[in-house]
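What follows is a set of notes on a single structure, which appears directly below.
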Amino acid sequence: MHKYFRCLFWFILVLTPAVFFCSKQTESQSRETPPPASEASSPAPNESAPVTRPARKIALLVGINKYKNFSGRQDYSDLAGCVNDVMNMKTLLIGKYEFRENDIKVLTDAEATHAGIVGAFQQHLIAQAERDDIVVFHYSGHGSQMKDLSGDETDGWDETIVPHDTRDPQGKAFDISDDELNDLVEAVTKKTKNVTLIFDCCNSGTPVRGAGLVRKIPRDTRPLPDLPQYTRRKQGLRGSADDMRESENFAVISACLSEQSAFEHQDGGKEHGALTYFLVRELESAKTAGRAITYQDVMDNVIRKVNAAYPAQSPQLQGARAAHYVFSDSVSVAQPYILADPSGATGVVLRAGAAQGLTSGSVFKIYKPGVKKFQAPEQPAATIELTEVQDFEARGVIKSGGRIETASRAVESRHHYADRKLRVYYEGLANSPALRAIKEQLDGYHHIEAVAAPRHYQLLLRQAENKIVVEGGDTTRIAPPVAVSDPAVVNRVVKQVSEWAKWFNVLSIENRASLLSIQFTLAGGQPNGDQGSERVFKAGDVIECAIKNDSEKPVYITILDLSSHGSIDVIYPKTSQSADALAPEKTLTRKLRLSVPPGRDSVKDILKIFATTEKIDFAFLNQSPIRGRGPENQPRLDDPLSQLLENAALGKTRGAEDVTLDGWTTTARSFTVRR
1451 MHKYFRCLFW
1461 FILVLTPAVF
1471 FCSKQTESQS
1481 RETPPPASEA
1491 SSPAPNESAP
1501 VTRPARKIAL
1511 LVGINKYKNF
1521 SGRQDYSDLA
1531 GCVNDVMNMK
1541 TLLIGKYEFR
1551 ENDIKVLTDA
1561 EATHAGIVGA
1571 FQQHLIAQAE
1581 RDDIVVFHYS
1591 GHGSQMKDLS
1601 GDETDGWDET
1611 IVPHDTRDPQ
1621 GKAFDISDDE
1631 LNDLVEAVTK
1641 KTKNVTLIFD
1651 CCNSGTPVRG
1661 AGLVRKIPRD
1671 TRPLPDLPQY
1681 TRRKQGLRGS
1691 ADDMRESENF
1701 AVISACLSEQ
1711 SAFEHQDGGK
1721 EHGALTYFLV
1731 RELESAKTAG
1741 RAITYQDVMD
1751 NVIRKVNAAY
1761 PAQSPQLQGA
1771 RAAHYVFSDS
1781 VSVAQPYILA
1791 DPSGATGVVL
1801 RAGAAQGLTS
1811 GSVFKIYKPG
1821 VKKFQAPEQP
1831 AATIELTEVQ
1841 DFEARGVIKS
1851 GGRIETASRA
1861 VESRHHYADR
1871 KLRVYYEGLA
1881 NSPALRAIKE
1891 QLDGYHHIEA
1901 VAAPRHYQLL
1911 LRQAENKIVV
1921 EGGDTTRIAP
1931 PVAVSDPAVV
1941 NRVVKQVSEW
1951 AKWFNVLSIE
1961 NRASLLSIQF
1971 TLAGGQPNGD
1981 QGSERVFKAG
1991 DVIECAIKND
2001 SEKPVYITIL
2011 DLSSHGSIDV
2021 IYPKTSQSAD
2031 ALAPEKTLTR
2041 KLRLSVPPGR
2051 DSVKDILKIF
2061 ATTEKIDFAF
2071 LNQSPIRGRG
2081 PENQPRLDDP
2091 LSQLLENAAL
2101 GKTRGAEDVT
2111 LDGWTTTARS
2121 FTVRR
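If you want the working numbering, it's the position in the sequence shown, counting the first as 1, plus 1450.
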């Protein structure tokens, strides 16, 4: 069991498996850090604790790409997406949950030393928190393990997060152990019950081969100094498990199970932690109809999306507050915004950039500071088009309206989607004529691109035992191997890859800025277990899908079934003429009998819903399980959303027309079916 999970959450979740860290290594500062502010004197959880001001929202975000002592060391690597993670989270907290910028402290790279992280936790979170405050701690970086000094780990190893300065040759800087984190977290939960902890790292400690950088490093086996004086383990303050469960004042979101790895994920040329990337996207699009959402609502979709990209990574949600509103918030704005400032007479600067998914040519409406509802009767002060997008900043020009105010609110109305491409890496290309022939054909496909290094690919092709093998981003085999002696080996593998491109690209399409809203629930069957928070059914079960239109406009509903064996099936409607629009506040229900394909023990199904204000025929997306079939001829589609889908599915080029964001939305649910 993860010790940090048992130790940090010993007073929260003593019975839960450790799922926190994907081992990431940094040079940790000396463990003799000063005692946390008010740790010894902070009162036990007390609803009558004095309140001196209105409730605040406070966050500490830590992201480490660069490590001081890793250069030239085998099995130690810097990372690429951790700073993007915390900048994305900062943008979300401000633009969706209305945290004040001054209440968010960000530590990156050299700022995130052992002493820097602990000190910021003490001073920014513990010292400032009062009853009813909302507190968020987010860590993106390496996770690892170190020797257990407190004796509370059965395997003798503490789980750790890895600060910038750890693993120094002088032996003075170490990781931050779960014992230390446990006491920091307990101190802040004595002051407020509204605490969220997010860990995008892992601690399995085993070598992994895969598409993305893995956020873990080897154990630290060096002799360790004693625990910091303030830790409750050293002071012998352990209480019973029952006592600790009474103090469960937070929710914990972690990247993976303790035996798994947490991957980095690439989108739009930018790296992110897979957990953070999909978590932020899900939170951005949540609560579009004014409904508050719970952590469980969000994580159901996050787990599905991470699993689709990395089947061997299963994000986890733990803690007594898992069924509570996200960030204990029930009044956030319905649609995320980005802060915007004037620049000259006709220019605008947005406080977000490529790392947040902004693209040049996209159009934003600018509303006055303080506006929360970005639709009629509220009118925008200006409309801008983006002309320059940097990593964390974007610039645009005013196309209509006048000069804007500082800290205005920008909401995207039209998005310039880049063509979707499946990234493929060819391993051992020089030694395999079959692979070279396959690559030559795939290079002609518009929606498939080769990557030069074994990083951030979605598919890997290699020759093994005289067969061509197709693997996913985490080395899971996702298509039947094809013998190189097969005369049709090139055509068969090319079809496999092109069809997986269709599957992945269709799954990835979503609209985070839509004001349309639908509820999608599954009922029935006899769930026989779970994987994380995902439901597991038996073949033959009958389930009921219910889709409710929470929008103010009628919408047309399409249900796609994307199965883990590569099939795509439009299960509703069966023909484009067979379905009427679903009126506001009305619910569509459909029953499905679940099955498992021949030759398989289980299958994962993703039911993806498209809700559109115009009727669109999705039949061209249908495909059977991937076995190397040839593509069918498809009709040319005219409207921008259909062309976006066609580009994603078939690799066809499309015109320059951008996609309007107010006429469609998506949602999905996933589950596993076993024999």
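Just so you know, even glycine gets a beta-carbon here, dropped at the ideal spot from N, CA and C.
Just so it is clear, the structure is predicted and the values come from calculations on it, not from any experiment.
Mind checking whether S2120 and K2054 have CB atoms under 8 Å apart? The residue labelled residue 2120 in the question sits at position 670 within the sequence shown. The residue labelled residue 2054 in the question sits at position 604 within the sequence shown. Result yes, Cβ atoms of S2120 and K2054 sit closer than 8 Å.
Could you tell me if the beta carbon of K1849 falls within a distance shorter than 7 Å of some heavy atom in the ligand NAP? In the structure on display, the ligand NAP does not appear, and there are no ligands present to speak of.
Tell me the DSSP bridge mates of M1596? Taking the first residue of the sequence shown as 1, we reach residue 1596 at position 146. For M1596, which the question treats as bridged, DSSP gives the partners D1608 and D1670.
The beta strand (DSSP E) spanning N1644 covers which residue range? In the sequence shown, residue 1644 corresponds to position 194, counting from 1. Where N1644 is concerned, the enclosing beta strand (DSSP E) stretches over N1644 to D1650.
Exposed or buried, what is D1583 when buried is set at 16 or more other beta-carbons lying within 10 Å of its beta-carbon? The residue labelled residue 1583 in the question sits at position 133 within the sequence shown. Burial check for D1583: the Cβ neighbour count within 10 Å reaches 16 or more, so the residue is buried.
Three or more C-beta pairs below 8 Å linking the region 1846-1865 and the region 1801-1817: The region 1846-1865 is in contact with the region 1801-1817.
Helix, strand or coil at V1934 according to DSSP, with G and I counted as helix: By one-based count along the sequence shown, residue 1934 stands at place 484. Here DSSP, grouped into helix, strand and coil, assigns V1934 to coil.
Counting only the same chain and skipping the five closest in sequence on each side, list residues whose C-beta sits under 7 Å from that of V1847. Start at 1 with the first residue of the sequence shown, and residue 1847 comes out as number 397. Closer than 7 Å at the Cβ level, and outside the excluded window around V1847, lie T1796, G1797, I1834, E1835 and T1837.
What's the call for N1515, buried or exposed, on a 16-neighbour Cβ count within 10 Å? Within the sequence shown, residue 1515 is the residue found at index 65, counting from 1. It counts as buried.
Endpoints, alpha helix (DSSP H) assigned at S2120: To locate residue 2120, count along the sequence shown from 1; it is residue 670. S2120 -> not in any alpha helix (DSSP H); beta strand (DSSP E) instead, spanning W2114 to R2124.
A1509, enclosing beta strand (DSSP E) - first and last residue: Here the question's residue 1509 lines up with position 59 in the sequence shown. For A1509, the enclosing beta strand (DSSP E) begins and ends at K1507 to G1513.
Alpha-carbon spacing of L1965 relative to G1545, whole angstroms: Residue mapping note: residue 1965 aligns to position 515 of the sequence shown, counting from 1. Residue mapping note: residue 1545 aligns to position 95 of the sequence shown, counting from 1. Between L1965 and G1545, the alpha-carbon positions lie close to 15 Å from each other.
Let me check understanding here. Comparing Cα to Cα, which of Q1829, T2063, Q2073 and K2058 lies closest to H2015? Taking the first residue of the sequence shown as position 1, residue 2015 is located at position 565. Comparing alpha-carbon positions, the option among Q1829, T2063, Q2073 and K2058 lying closest to H2015 turns out to be Q2073.
Cα-Cα separation between D1553 and D1869, rounded to whole angstroms: As a first step, residue 1553 must be located in the sequence shown, where it is residue number 103. As a first step, residue 1869 must be located in the sequence shown, where it is residue number 419. In a straight line, the C-alpha of D1553 is about 38 Å away from that of D1869.
Residue closest to N1644, alpha-carbon to alpha-carbon, out of V2046, G1593, Q1785 and A1701: What you label residue 1644 is simply residue 194 of the sequence shown in a count that begins at 1. Nearest of V2046, G1593, Q1785 and A1701 to N1644, Cα basis: A1701.
If we call anything under 8 Å between Cβ atoms a contact, is T1971 one with A1996? As a position in the sequence shown, residue 1971 is number 521, starting the count at 1. As a position in the sequence shown, residue 1996 is number 546, starting the count at 1. Closer than 8 Å, so yes.
Presumed contact (8 Å Cβ cut-off) between K1998 and I1968, rounded CB distance: In the sequence shown, counting from the first residue as 1, residue 1998 sits at position 548. In the sequence shown, counting from the first residue as 1, residue 1968 sits at position 518. 6 Å between Cβ atoms; contact.
Are the beta-carbon atoms of K2041 and A2118 separated by less than 8 Å? If you number the sequence shown from 1, residue 2041 lands on position 591. If you number the sequence shown from 1, residue 2118 lands on position 668. No; because the gap between Cβ atoms is not below 8 Å, this pair is not in contact.
Who are the Cβ neighbours of V2046 in its own chain at under 8 Å, not counting the five residues just before and after it? The residue given as residue 2046 occupies position 596 in the sequence shown. Here the set comprises A1989, S2052, V2053, V2123, R2124 and R2125.
Since V1568 and E1630 are thought to touch, with beta carbons under 8 Å apart, how far apart are those beta carbons, to the nearest angstrom? Here residue 1568 refers to the residue found at position 118 of the sequence shown. Here residue 1630 refers to the residue found at position 180 of the sequence shown. Contact between V1568 and E1630 holds, with the beta-carbon distance rounding to 7 Å and staying under 8 Å.
Could you give the distance in angstroms between the alpha-carbon of P1668 and the alpha-carbon of R1927? Position 218 of the sequence shown, counted from the first residue, corresponds to residue 1668. Position 477 of the sequence shown, counted from the first residue, corresponds to residue 1927. Answer to the nearest angstrom: the Cα atoms are 27 Å apart.
Can you find the residues in the same chain that come closer than 6 Å, C-beta to C-beta, to I1648, ignoring five residues on each side of it along the sequence? Taking the sequence shown and counting its residues from 1, one reaches residue 1648 at position 198. Excluding residues within five positions, the ones whose Cβ falls inside 6 Å are H1588 and I1703.
Between the region 1907-1921 and the region 1850-1862, do at least 3 Cβ pairs fall closer than 8 Å? No, the region 1907-1921 does not touch the region 1850-1862.
CB-CB length for V1776 against Y1745, believed under 8 Å: The residue labelled residue 1776 in the question sits at position 326 within the sequence shown. The residue labelled residue 1745 in the question sits at position 295 within the sequence shown. Contact flag correct, Cβ pair sits at about 6 Å.
What does DSSP give as the partner residues of A1900 in its beta bridges? Your numbering for residue 1900 matches position 450 in the sequence shown. Answer by DSSP bridge pairing, in chain order: V1874.
Using the rule of at least 16 other Cβ atoms within 10 Å of the residue's Cβ for burial, across every protein chain shown, is V1752 buried or exposed? Here the question's residue 1752 lines up with position 302 in the sequence shown. Buried, because 16 or more other Cβ atoms sit within 10 Å of the Cβ of V1752.
If I'm right that H1574 touches I1508 with Cβ under 8 Å, what's the distance once you round it to whole angstroms? The count along the sequence shown starts at 1 and reaches residue 1574 at position 124. The count along the sequence shown starts at 1 and reaches residue 1508 at position 58. About 7 Å separates the two Cβ atoms, so the contact holds.
Starting from F1587, trace the beta strand (DSSP E) both ways and give me its first and last residue. Counted from its first residue, the sequence shown places residue 1587 at position 137. From DSSP, the beta strand (DSSP E) with F1587 extends over I1584 to S1590.
Looking at S1590 and D1650, is the spacing between their C-beta atoms short of 8 Å? The sequence position of residue 1650 within the sequence shown is 200, counting from 1. The sequence position of residue 1590 within the sequence shown is 140, counting from 1. Yes, the pair counts as a contact, with Cβ atoms nearer than the cut-off.
Assuming the contact rule is C-beta atoms closer than 8 Å, V2005 and T1925 should be a hit. Round their C-beta distance to whole Å, please. Position 555 of the sequence shown, counted from the start, is the residue given in the question as residue 2005. Position 475 of the sequence shown, counted from the start, is the residue given in the question as residue 1925. Incorrect: roughly 40 Å between the Cβ atoms, too far for contact.
Tell me the start and end of each unbroken beta strand (DSSP E) in the region 1702-1764 that is at least 3 residues and wholly inside, in chain order. Counting only runs of 3 or more, we get 1714-1717 and 1720-1723.
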